[in-house]
Amino acid sequence: MNRVKVIGAGLAGAEAAYYLATHGVKVELYDIKPNGFTPAHSSQNFGELVCSNSLKGADAYSNACGLLKEEMRRIGSLTMQAADASRIPAGGALAVDRERFSAFITQKLKEQENIKIICGEVSAIPDAPCIIATGPLTCDALAEDIKNRLGGALHFYDASAPIVTRDSVDMDKAFFGDRYGKGGDDYLNCPMDKQEYEAFVYELVNAERAQLHSFEKREIFEGCMPLEIMAARGADTLRFGPFKPVGLRDKDGNKFYAVLQLRKEDKDGTTYNLVGCQTNLKFGEQKRVFSMIPALKNAEFTRYGVMHRNTYLNSPAVLNADFSLKSSPLTFFAGQMTGVEGYVESAASGLLAAVHTVRKLAGKSVIIPDGTTVSGALSAHIAGQTDNFQPMNANFGILKPLEKTVRDKKLRYAALAERALESINKFVKEISE
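Numbering (the numbering used here), first residue to last: 12 to 444.
Listed below in structure tokens is the structure:
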């Protein structure tokens, strides 16, 4: 069997290398550690957690990230082995001892006789077969080569708006329609009167913002304007920008002082994006401030807006759902650079890329988890719509809807999880045969 190069030993790369090695594939694992570090890293160990020691919710039946973790366990995830071995008390979340977590991953990789670890920077896409998992801080030379090879399909910042579930929008205070009646029901409109708008803008401007690393600031603010910065320029800035009410009337012909528009995030319309609301507010502040908009009073957020450097591909244009390049079926990408957002999601993409690599090298057909699983839904996302592609994390809103509507959220999540685990069991059986 061919030797596979894996570039990057973060969560995605470590996950990919371990799965390949334990399935009989020789691996060359490249990373700049321990001789070099990105601006965000400090530990010599692989699989380093930078921003948080939490891997989000632990319960598969009430939390989509918890469900993804259980799917990964059943496929054979190194990340989940490390997390379970280094877990610390954190209520309903899966939090870990960072040092023990990374040390566990590093030891497992070094123990594998099928893995050769090579310290050094890779400046160009290597010959196939390979998996590139260099993360949001990909070195400049490799990033430039990726951009040139893929026709410029590479972003150097992540500026995304919050996403809410369709069912949580108060339709007594919202209405479908596009400006001047064009485009049918493409947008879900959330109107505000003068008092509501001014209160929203005040809280938006004065809300607490997330801290940025020094190496992130230039890329973000030259590339995209956070909503709170835009609002600080003047009370009417948003009304003449993303919240402009011009051309919008409800079914009774009413005009409005300001209107926030929501746009479908998925083809089934189960989740909606807050158009133009890219933000750097802390997550709790986003929930508080955007819930001031009457139609979003009880909104359920499946993703909060983020503003940080995040080198990622315009994946739908260049990647297949198995994380391989459309132009090179044995060249795979994994991790945040594919357009998945979060520690667990990044690791999952590395695991899936490795699963598909093993099958292709063995001359077998690729099997993609279906859209009832979080693994499959994320795979579909990176190969989905090319317009305004943005990174996505695990959430129940991206799963295929249940055949029968379940209004109770707790029961709905449990039903989605039960269906997903049945499907992932089938997937594991198929790839094991």
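Ideal placement from N, C-alpha and C gives every residue a C-beta, glycine not left out.
Just so it is clear, the structure is predicted and the values come from calculations on it, not from any experiment.
Asked: If we require 4 or more residues per run, which alpha helix (DSSP H) segments fall completely within the region 99-137?; Found: 109-122
Asked: With a threshold of 8 Å, are at least 3 pairs of Cβ atoms found where one atom belongs to the region 353-366 and the other to the region 83-93?; Found: yes
Asked: Suppose only complete runs of 4+ residues qualify. What are the alpha helix (DSSP H) ranges in the region 305-339, listed by chain order?; Found: 326-329
Asked: Put residue 141 into one of helix, strand or coil per three-state DSSP.; Found: strand
Asked: To the nearest angstrom, how far is it from the Cα of residue 315 to the Cα of residue 332?; Found: 24 Å
Asked: Which of the three DSSP states, helix, strand or coil, is assigned to residue 350?; Found: coil
Asked: Distance check for residue 401 and residue 248, CA to CA, integer angstroms please.; Found: 25 Å
Asked: Would you report the Cα separation of residue 244 and residue 416, rounded to the nearest angstrom?; Found: 44 Å
Asked: Would the region 135-149 count as touching the region 117-127 if we require 3 or more Cβ pairs under 8 Å?; Found: no
Asked: Write down the C-beta distance between residue 393 and residue 353 rounded to the nearest angstrom, noting that I regard them as a contact closer than 8 Å.; Found: Actually they do not touch by this definition, with Cβ atoms about 14 Å apart.
Asked: Alpha carbon to alpha carbon, how far is residue 32 from residue 131?; Found: 20 Å
Asked: Grab me the residues of residue 412's own chain with a C-beta within less than 7 Å of its C-beta, minus the 5 sequence neighbours each way, in chain order.; Found: 279, 281
Asked: Who pairs with residue 90 in a beta bridge, going by DSSP?; Found: Bridge partners of residue 90: none, in fact.
Asked: Give the C-beta separation of residue 303 and residue 214 to the nearest angstrom, bearing in mind that I take them to be a contact with Cβ-Cβ under 8 Å.; Found: 6 Å
Asked: Compare the C-alpha of residue 96 against each of 103, 21, 107 and name the closest.; Found: 107
Asked: What's the C-alpha gap between residue 147 and residue 443?; Found: 32 Å
Asked: Quick one: any contact between the region 292-312 and the region 149-165, if contact means 3 or more CB pairs under 8 Å?; Found: no
Asked: Would residue 305 and residue 205 qualify as a contact pair, given that the criterion is a beta-carbon distance under 8 Å?; Found: no
Asked: For residue 433, tell me which candidate among 272, 380, 187, 406 has the shortest Cα-Cα distance.; Found: 380
Asked: With respect to the alpha helix (DSSP H) encompassing residue 212, which residues constitute its N-terminal and C-terminal limits?; Found: 205-217
Asked: Could you name the residues that DSSP lists as bridge partners for residue 283?; Found: 175, 275
Asked: What residues are listed by DSSP as bridge partners for residue 65?; Found: 106
Asked: What are the start and end residues of the beta strand (DSSP E) that includes residue 16?; Found: 15-18
Asked: Could you give the residue range of the beta strand (DSSP E) that holds residue 39?; Found: 38-42
Asked: Just the Cα atoms here: how many angstroms apart are residue 73 and residue 86?; Found: 20 Å
Asked: Judging by CA-CA distance, which residue of 263, 265, 286, 429 is the nearest neighbour of residue 273?; Found: 286
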